[in-house]
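In the numbering used here, the protein residues as written are -7 to 442.
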């Protein structure tokens, strides 16, 4: 819109510029006619004043026209460069964040357009969370923003959204009853209820992954033609989801390959077990962007010892031991299973990481922990935590498990090398002792002969 206004104003300036030759020609014609007047003193002063006035008009026209053209051209150029600036801003984000931001920008553009075309009060796009049986309010625009709920998670109860999901087709409701539960994205204490509704499913790989909804406080606001328009917009969102998913898969494959290649190359250069533990801790904190990382090791006494800490761990220190019967890390040691928690905020009580008496760290919302297994025994556990919920996906879990397998192999290699070194050292010491005995026996024999 701003670009169009700039272009219209610029067009007006160009039209005004076309009249300049006519103004100049009119003034020249006027001067020509006045030149035929008698050369008396009065006509002479008139000619001089007209020439001065003519020059002043020309100077004013050109002085006004030049900066206006420059200003409007610069304004239009800055408007045209906004998409480029957005792209540069997105390039500074991580791959996953950039893909998410691109989809967010698409929704910010599409939903107001739907609201304007269908003359709707509220347009909402929700994702369907099948495992947890609820909807996730992804994005919305409304003429009454104070009426929309703050909670992003909507119940999957008997409402119009579940009706679309059940019938797998669009729904048109021209006359809604006074029931706020029909639209769960509205607050319960609404004074003015929505009276008409329009909704369509959003498909991805032949599965309904989301719903596109519109409503209005006027009765009979939507019809079948409006439903066709909404279904076409839902199809465009499906295409955007498919494109984002392909881009995400491509970027994810590149990220996985890069991380595993770098880790396998650097971990093989480690020379001892203590260096191995610290390398793994630092590498995981950097690559997975975890706010804190811990690496623990089994002790011969049947406990676990913290061998690396990266981040804020109140009342914990490297070298501290804890039992395997308390906390998440002990559970991983016992069960030999990885664990991924998307959001601890959904839990009623705090779950200890190491031991029951530790200070609660409720600021850390998501967690990923993986065992390092040698044979059938868990020798180490890697723990990652983040302030943001959902920071660790299934992809991160698989990558960390692969890294743990490599760590187990390197650990075995280091132990084998240490045993061989000890055996060679012992053999060398035994050889030196035998040589010393031979020398002593030889000296004793020489003394007896003497």
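For glycine and all other residues, C-beta sits at the position ideal for the given N, C-alpha and C.
All values reported here derive from a predicted model rather than from experimental measurement.
- Whose C-beta lies closer than 6 Å to the C-beta of residue 396 among residues of the same chain, with five residues either side of it excluded? Excluding sequence positions up to five before and after residue 396, its CB lies within less than 6 Å of the CB of 362, 364, all in the same chain and listed in chain order.
- Task: Give the straight-line distance between the Cα atoms of residue 205 and residue 197, rounded to the nearest whole angstrom.
- Result: Taking C-alpha positions only, residue 205 is separated from residue 197 by approximately 21 Å.
- Query: Helix, strand or coil: which one does DSSP assign to residue 204?
  - Reply: Judged by DSSP in its simplified three-state form, residue 204 adopts strand.
- Item | Straight-line gap, residue 175 to residue 250 (C-alpha atoms, nearest Å) | Taking the Cα positions, residue 175 is about 45 Å away from residue 250.
- In this structure, does DSSP put residue 128 in helix, strand or coil? Three-state DSSP puts residue 128 in a strand.
- Message: Going by DSSP in three states, residue 111 sits in which element: helix, strand or coil?
- Response: Judged by DSSP in its simplified three-state form, residue 111 adopts coil rather than helix or strand.
- Which class does residue 173 belong to by DSSP, given the choice of helix, strand or coil? Of the three classes helix, strand and coil, the one that applies to residue 173 here is helix, per DSSP.
- Name the residue from 209, 256, 276, 336 whose alpha carbon lies nearest to the alpha carbon of residue 382. For residue 382, the closest of 209, 256, 276, 336 by C-alpha to C-alpha distance is 336.
- Find the nearest neighbour of residue 293 within the set 203, 375, 313, 306, judged by alpha-carbon distance. With distances taken between Cα atoms, residue 293 lies closest to 313.
- Go through its chain and collect everything with a Cβ distance to residue 465's Cβ below 7 Å, but skip five positions before and after it. With the chain covering -7 to 442 only, the question about residue 465 has no answer from this structure.
- Hey, out of 183, 139, 146, whose CA is closest to residue 129's CA? Of the listed residues, the one whose Cα sits closest to residue 129 is 146.
- Item | Close Cβ partners of residue 230 (< 7 Å) along its chain, the five nearest in sequence each way excluded | If we look at residue 230 and ignore the five residues flanking it on each side, its Cβ neighbours are 194, 195, 196.
- In the structure shown, what three-state DSSP assignment does residue 273 receive? Reduced to three states, the DSSP call for residue 273 is helix.
- Beta-carbon gap between residue 141 and residue 179 smaller than 8 Å: Against a cut-off of 8 Å, the Cβ pair of residue 179 and residue 141 comes out as a contact.
- Exposure label - residue 285; buried when at least 16 CB within 10 Å: Around the Cβ of residue 285, a 10 Å sphere holds 16 or more other Cβ atoms; the residue is buried.
- If we ignore side chains and look at the alpha-carbon of each, how far apart do residue 233 and residue 92 end up? A direct Cα-to-Cα measurement between residue 233 and residue 92 gives close to 10 Å.
- Task: Determine the DSSP secondary structure at residue 122, reduced to helix, strand or coil.
- Result: Residue 122: coil per DSSP, three-state reduction.
- Which residues bound the beta strand (DSSP E) around residue 159? Per DSSP, residue 159 belongs to no beta strand (DSSP E); it is in the alpha helix (DSSP H), 152 to 159.
- Message: Let's test the definition: count the other Cβ atoms within 10 Å of the Cβ of residue 111 and tell me whether it reaches 16, buried, or not, exposed.
- Response: With fewer than 16 other Cβ atoms within 10 Å, it is exposed.
- Item | Range of the contiguous beta strand (DSSP E) that encloses residue 325 | No beta strand (DSSP E) holds residue 325; the alpha helix (DSSP H) holding it covers 319 to 327.
- Item | residue 336 in three-state terms, based on DSSP | Three-state DSSP puts residue 336 in a helix.
- Classify residue 397 as helix, strand or coil using the three-state DSSP reduction. Residue state, collapsed to three classes: helix.
- Indicate whether residue 376 and residue 305 have their beta-carbon atoms separated by less than 8 Å. Taking a C-beta distance under 8 Å as the contact criterion, residue 376 and residue 305 do not qualify as a contact pair.
- Query: Considering only the beta carbon of each residue, do residue 308 and residue 346 sit closer than 8 Å?
  - Reply: Less than 8 Å separates the beta-carbon of residue 308 from that of residue 346.
- Query: In chain order, what residues of the same chain have a beta carbon less than 7 Å from the beta carbon of residue 287, not counting five sequence neighbours either side?
  - Reply: If we look at residue 287 and ignore the five residues flanking it on each side, its Cβ neighbours are 269, 272, 273, 299, 300, 372, 374.
- Query: Would a C-beta distance cut-off of 8 Å place residue 188 and residue 211 closer than the cut-off?
  - Reply: Taking C-beta atoms as the reference points, residue 188 and residue 211 count as a pair closer than 8 Å.
- So, are the CB atoms of residue 162 and residue 139 less than 8 Å apart? Their beta carbons are not under 8 Å apart, which means residue 162 does not touch residue 139 by this criterion.
- Option in 252, 136, 366, 276 with minimal Cα separation from residue 207: Comparing Cα positions, the closest option is 136.
- Mind checking which residues open and close the beta strand (DSSP E) that includes residue 365? Residue 365: member of the beta strand (DSSP E) spanning 358 to 366, first to last residue.
- How should residue 150 be labelled, buried or exposed, when 16 other C-beta atoms within 10 angstroms of its C-beta is the threshold for buried? Counting C-beta atoms within 10 angstroms of its own C-beta, residue 150 has fewer than 16 neighbours from the protein chains shown and is therefore classed as exposed.
- Query: Looking only at its own chain, which residues have a Cβ that is under 6 Å from the Cβ of residue 297, when we skip the five neighbours before and after it?
  - Reply: Answer for residue 297: 289, 291, 313, listed in chain order.
- Is the distance from the Cβ of residue 366 to the Cβ of residue 400 below 8 Å? Contact check for residue 366 against residue 400 passes: the beta carbons are separated by less than 8 Å.
- Query: Using the C-alpha atoms, what's the distance from residue 332 back to residue 407?
  - Reply: Across the structure, residue 407 and residue 332 are spaced so that their CA atoms are roughly 30 Å apart.
- Query: Is residue 449 helix, strand or coil when you go by DSSP?
  - Reply: One cannot answer for residue 449 here, as it falls past the ends of the chain, which runs -7 to 442.
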